[in-house]
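Colleague:
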Amino acid sequence: MYYIVRIIDSWEGFTSLISSWEQHDKEKYEVLKRLPIRKILLETDAPFFRPNQYDCVRNGKNFSQYDKISFPPMAVNVAFVIAKAKNMDVNDVIRETTTNAKMLYGLMNYEQLP
Numbered sequence: 013m014y015y016i017v018r019i020i021d022s023w024e025g026f027t028s029l030i031s032s033w034e035q036h037d038k039e040k041y042e043v044l045k046r047l048p049i050r051k052i053l054l055e056t057d058a059p060f061f062r063p064n065q066y067d068c069v070r071n072g073k074n075f076s077q078y079d080k081i082s083f084p085p086m087a088v089n090v091a092f093v094i095a096k097a098k099n100m101d102v103n104d105v106i107r108e109t110t111t112n113a114k115m116l117y118g119l120m121n122y123e124q125l126p
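Numbering (the working numbering), first residue to last: 13 to 126.
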């Protein structure tokens, strides 16, 4: 943690795997809570790591392997977990992490930060 916050151009990406940390991995959850929002990216690792919230969703009557994949819009589930951990509004998490992604991919520079 000490080194992560001191490296200016570094970000940490989180997938839906963080949804179980609060109950099952308190140390990782504590790092998530303490990590500055300006260092966080939302990820899905699509088509892997489908959020558990979608396990009840079926594609018609046939539940196949294709029903178990993840899609990029499912990153919002990661935003909800981060919002809870940081006691933030989910819209603020999405806004901040979008800015982080723009910085990472060179779509915005430091002078353009809000």
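Ideal Cβ positions, reconstructed from N, Cα and C, are used throughout, including at glycine. The model shown is predicted, which means the values in this text are computed figures rather than measured ones.
Going by alpha carbons, who is nearest to residue 56 out of 101, 84 and 105?
Modeller: Counted from its first residue, the sequence shown places residue 56 at position 44. Residue 56 has its Cα closest to that of 84, out of 101, 84 and 105.
Colleague: Beta-carbon within less than 8 Å of residue 45's beta-carbon, same chain only, minus the 5 sequence neighbours each way: which residues are those?
Modeller: The sequence position of residue 45 within the sequence shown is 33, counting from 1. If we look at residue 45 and ignore the five residues flanking it on each side, its Cβ neighbours are 97 and 98.
Colleague: Please give me, in chain order, every unbroken run of the alpha helix (DSSP H) with length at least 4 that falls completely inside the stretch 22-46.
Modeller: The stretch 22-46 contains these whole alpha helix (DSSP H) runs: 33-36 and 38-46.
Colleague: What do you get for residue 60, buried or exposed, if any count of 16 or more other CB atoms within 10 angstroms of its CB means buried?
Modeller: Position 48 of the sequence shown, counting from 1, holds the residue named residue 60. Answer is exposed; the Cβ neighbour count stays below 16.
Colleague: From the DSSP output, in three-state form, read off residue 119 for me.
Modeller: Position 107 of the sequence shown, counted from the start, is the residue given in the question as residue 119. Note: residue 119 maps to coil in three-state DSSP.
Colleague: Any idea what DSSP makes of residue 94, helix, strand or coil?
Modeller: What you label residue 94 is simply residue 82 of the sequence shown in a count that begins at 1. Residue 94 falls in the helix class under three-state DSSP.
Colleague: Are there 16 or more other CB atoms within 10 angstroms of the CB of residue 31, so buried, or fewer, so exposed?
Modeller: Indexing the sequence shown from 1 puts residue 31 at position 19. Looking at its Cβ environment, which holds 16 or more other Cβ atoms inside 10 Å, residue 31 is buried.
Colleague: How big is the Cα-Cα spacing for residue 41 and residue 33?
Modeller: The residue labelled residue 41 in the question sits at position 29 within the sequence shown. The residue labelled residue 33 in the question sits at position 21 within the sequence shown. Straight-line Cα distance between these residues: approximately 5 Å.
Colleague: Using only alpha-carbon positions, find the residue among 81, 35, 91 and 48 that is nearest to residue 26.
Modeller: Translated into positions along the sequence shown, residue 26 becomes position 14. Out of 81, 35, 91 and 48, 91 has the C-alpha closest to the C-alpha of residue 26.
Colleague: Measuring straight from C-alpha to C-alpha, what distance separates residue 35 and residue 120?
Modeller: Counting from 1 along the sequence shown, the entry for residue 35 is found at position 23. Counting from 1 along the sequence shown, the entry for residue 120 is found at position 108. Answer to the nearest angstrom: the Cα atoms are 36 Å apart.
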